[in-house]
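Scroll down for the structure; my scribbles are underneath it.
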Amino acid sequence: MPLQIVHHPDYDAGFATSHRFPMSKYPLLMETLRARGLAGAGALNTAEPAPASWLKLAHAADYVEQVISCSVPEKIEREIGFPVGPRVSLRAQLATGGTVAAARLALRHGIACNTAGGSHHARRAQGAGFCTFNDVAVASLVLLEEGAAHNILVVDLDVHQGDGTADILGDEPRVFTFSMHGERNYPVRKIASDLDVALPDGTGDAAYVERLDSILPELSAGARWDIVFYNAGIDVHAEDRLGRLSLSDKGLRARDRMVVGHFRALGIPVCGVIGGGYSIDVPALAARHAVLFEVASGYA
Numbered sequence: 001m002p003l004q005i006v007h008h009p010d011y012d013a014g015f016a017t018s019h020r021f022p023m024s025k026y027p028l029l030m031e032t033l034r035a036r037g038l039a040g041a042g043a044l045n046t047a048e049p050a051p052a053s054w055l056k057l058a059h060a061a062d063y064v065e066q067v068i069s070c071s072v073p074e075k076i077e078r079e080i081g082f083p084v085g086p087r088v089s090l091r092a093q094l095a096t097g098g099t100v101a102a103a104r105l106a107l108r109h110g111i112a113c114n115t116a117g118g119s120h121h122a123r124r125a126q127g128a129g130f131c132t133f134n135d136v137a138v139a140s141l142v143l144l145e146e147g148a149a150h151n152i153l154v155v156d157l158d159v160h161q162g163d164g165t166a167d168i169l170g171d172e173p174r175v176f177t178f179s180m181h182g183e184r185n186y187p188v189r190k191i192a193s194d195l196d197v198a199l200p201d202g203t204g205d206a207a208y209v210e211r212l213d214s215i216l217p218e219l220s221a222g223a224r225w226d227i228v229f230y231n232a233g234i235d236v237h238a239e240d241r242l243g244r245l246s247l248s249d250k251g252l253r254a255r256d257r258m259v260v261g262h263f264r265a266l267g268i269p270v271c272g273v274i275g276g277g278y279s280i281d282v283p284a285l286a287a288r289h290a291v292l293f294e295v296a297s298g299y300a
């Protein structure tokens, strides 16, 4: 069976190409996956918007209603990094629903990926850092509420620390949050995950992979995880405009193989989300994001 992929055309909220958040990478990612034979009819699943009841498991009810009604205060919109109009609101609901769908597919098939997600700066009270809703936190709490999972691991390898995920899930003992990120990067004020590993600027392939290789056995020994959410942010790449680390294309692929291979060898389902990636060369971003899907397809 092919790798199960969750997508929706409205993951692209239509930002100008000059915007710091490269919205056009979402349709370009799908073009890349189709070109590489990974997005055939048997692979694609269409995301549905997350209902307010799911969103309120992770976020304050008033904030959820503000996003849905497109009435987010300007101060919060500035922290998010863009206005929350109808297309952004729909996109946030769809991307979150997409991660829930991918998680359910991963539980059924062993692995699945969302072509969006990884919005790990959205905190309980509000969004921030280009993140409106925290899809991984919502999906984790939905699975726990439904009894579909009882022990969940979040492996966040985006270059930015997963402060919002830590904020939302910090008091949830059934979810363990791990973030490995750039020490001197956003956010300035970090919120402690269950395990944080901060890397110095310029960390390259060898040091990165060696550090990760030492941590994965500790994570898998910590509990019998029912599912792993893997945030495969590509902003660790040397050419990322917001990254400050120095991984190569080869290093990205080695990282993804290490994470996916480790947990699938143990029979643990993996739900992949794409996380961050920032460049004016959007086709290059799409190609880097596609690495997760190429690697994951080898375990489908």
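FYI, full-length UniProt numbering numbers position 124 of the sequence shown as 124, with every residue one higher than the one before it.
In this text, a Cβ means the ideal position worked out from N, Cα and C, and glycines have one as well.
Note that the structure is predicted; figures quoted are calculated from it, not measured.
Return the first residue and the last residue of the beta strand (DSSP E) that residue i is part of.
{"i": "Val-228", "result": "227–231"}
{"i": "Asp-196", "result": "195–199"}
{"i": "Ala-112", "result": "111–114"}
{"i": "Gly-272", "result": "270–273"}
{"i": "His-7", "result": "4–7"}
Mind checking whether residue i and residue j have CB atoms under 7 angstroms apart?
{"i": "Trp-54", "j": "Val-142", "result": "yes"}
{"i": "Arg-124", "j": "Ile-68", "result": "no"}
{"i": "Arg-91", "j": "Asp-10", "result": "yes"}
{"i": "Ile-80", "j": "Ala-300", "result": "no"}
{"i": "Gly-202", "j": "Ser-246", "result": "yes"}
{"i": "Ala-286", "j": "Leu-29", "result": "yes"}
{"i": "Ala-33", "j": "Ala-39", "result": "The question names Ala, but residue 33 in the sequence shown is Leu. Cβ distance < 7 angstroms, so Leu-33 and Ala-39 count as in contact."}
{"i": "Gly-127", "j": "Ile-274", "result": "no"}
{"i": "Ser-89", "j": "Cys-70", "result": "yes"}
{"i": "Gly-97", "j": "Ala-52", "result": "no"}
{"i": "Ala-13", "j": "Arg-87", "result": "yes"}
{"i": "Val-64", "j": "Lys-56", "result": "yes"}
{"i": "Leu-252", "j": "Val-291", "result": "yes"}
{"i": "Val-282", "j": "Lys-25", "result": "yes"}
{"i": "Leu-94", "j": "His-8", "result": "yes"}
Per DSSP, which one or two residues make a beta bridge with residue i?
{"i": "Val-155", "result": "Phe-178 and Tyr-230"}
{"i": "His-237", "result": "Leu-247"}
{"i": "Ala-128", "result": "Cys-131"}
{"i": "Gly-204", "result": "Ser-246"}
Check whether chain B comes within 7 angstroms of residue i, counting only Cβ atoms and requiring the distance to be less than that.
{"i": "Leu-29", "result": "The displayed structure is made up of one protein chain only, and chain B is not part of it."}
Under DSSP, the alpha helix (DSSP H) around residue i begins and ends at which residues?
{"i": "His-165", "result": "In the sequence on display, residue 165 carries Thr and not His. Its alpha helix (DSSP H) spans residues 163–169."}
{"i": "Leu-44", "result": "No alpha helix (DSSP H) holds Leu-44; the beta strand (DSSP E) holding it covers 44–46."}
{"i": "Thr-32", "result": "25–35"}
{"i": "Ala-50", "result": "Ala-50 -> no alpha helix (DSSP H), and no H or E assigned at all."}
{"i": "Leu-285", "result": "282–297"}
{"i": "Lys-75", "result": "74–80"}
{"i": "Asp-10", "result": "From DSSP, Asp-10 is part of no alpha helix (DSSP H); its letter is neither H nor E."}
{"i": "Ile-68", "result": "61–68"}
Since residue i contacts residue j with CB under 8 angstroms, what's their CB separation in whole angstroms?
{"i": "Pro-269", "j": "Ala-106", "result": "4 angstroms"}
{"i": "Thr-115", "j": "Val-6", "result": "7 angstroms"}
{"i": "His-120", "j": "Gly-147", "result": "Between Gly-147 and His-120 the Cβ distance is about 25 angstroms, and since that is not below 8 angstroms, they are no contact."}
{"i": "Ser-220", "j": "Leu-266", "result": "6 angstroms"}
{"i": "residue 316", "j": "His-109", "result": "There is no way to answer for residue 316, as the model of the chain reaches only from 1 to 300."}
{"i": "Phe-178", "j": "Leu-195", "result": "5 angstroms"}
{"i": "Asn-185", "j": "Arg-244", "result": "6 angstroms"}
{"i": "Leu-242", "j": "Asp-249", "result": "Not a contact, Cβ separation roughly 18 angstroms."}
{"i": "Val-138", "j": "Val-84", "result": "Not a contact, Cβ separation roughly 17 angstroms."}
{"i": "Ala-122", "j": "Phe-133", "result": "5 angstroms"}
{"i": "Leu-216", "j": "His-262", "result": "5 angstroms"}
{"i": "Gly-129", "j": "Pro-187", "result": "7 angstroms"}
Taking 6 angstroms as the cut-off, does the CB of residue i come closer than this to any heavy atom belonging to the ligand NAD?
{"i": "Glu-210", "result": "Looking for the ligand NAD in the displayed structure turns up nothing, as the structure carries no ligands at all."}
(request) Report yes or no: do three or more beta-carbon pairs, one from the region 245–259 and one from the region 288–299, lie closer than 8 angstroms? (result) yes
(message) With three or more C-beta pairs closer than 8 angstroms as the rule, is the region 272–279 touching the region 8–22?
(response) yes
(request) Mind the definition here: the region 150–160 touches the region 45–63 only if three or more C-beta pairs lie below 8 angstroms; say whether that holds. (result) no
(message) Contact between the region 202–214 and the region 222–235 is defined here as three or more beta-carbon pairs at a separation below 8 angstroms; is this criterion met?
(response) no
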